[in-house]
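Working notes, beginning with the structure itself.
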Amino acid sequence: MTAMPDVLSSPQARVVPEKAWRLIVWNDPVNLMSYVSYVFRSYFGFSQQRADTLMMQVHNDGSCTVRSGSREAIESDVQAMHNFGLQATMTQED
Numbered sequence: 001m002t003a004m005p006d007v008l009s010s011p012q013a014r015v016v017p018e019k020a021w022r023l024i025v026w027n028d029p030v031n032l033m034s035y036v037s038y039v040f041r042s043y044f045g046f047s048q049q050r051a052d053t054l055m056m057q058v059h060n061d062g063s064c065t066v067r068s069g070s071r072e073a074i075e076s077d078v079q080a081m082h083n084f085g086l087q088a089t090m091t092q093e094d
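Residue numbers (full-length UniProt numbering): 1 to 94.
Below is the structure:
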């Protein structure tokens, strides 16, 4: 009986997960704070308190990361914010 030859295992390719994308909503001189809060509640389903907290961050800091996720999901959110008349962009997390 002959011995089986040693099989060299090939190195496994490392799969590097894609970094998440962030939805950033920007302050603007047009939309009322109450409207921004309404958009956050109606589109994202946030509670009144969460929506108001994020809205105040937008107002006080000039922008706020509203949520993060896959590129496709955040692209959809950016488009939705534009449809509501809000200024929004996306960026990849560090």
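For every residue, glycine included, the Cβ atom is placed at its ideal position computed from N, Cα and C. All values derive from a computational prediction rather than experimental measurement.
task = Using the Cα positions of Gln48 and Gln57, report the straight-line distance between them to the nearest angstrom.
result = Rounded to the nearest angstrom, the two C-alpha atoms are 14 Å apart.
key: Leu23 - partner residues in DSSP beta bridges   = Paired residues: Arg67, Met90.
key: Closest residue to Pro29 among Arg71, Gly85, Thr53 (Cα-Cα distance)   = The option with the nearest alpha carbon to Pro29 is Gly85.
Three-way DSSP call (helix, strand, coil) for Ser76 in this model = Three-state result, Ser76: helix.
task = Put Arg14 into one of helix, strand or coil per three-state DSSP.
result = DSSP places Arg14 in coil when its eight states are reduced to three.
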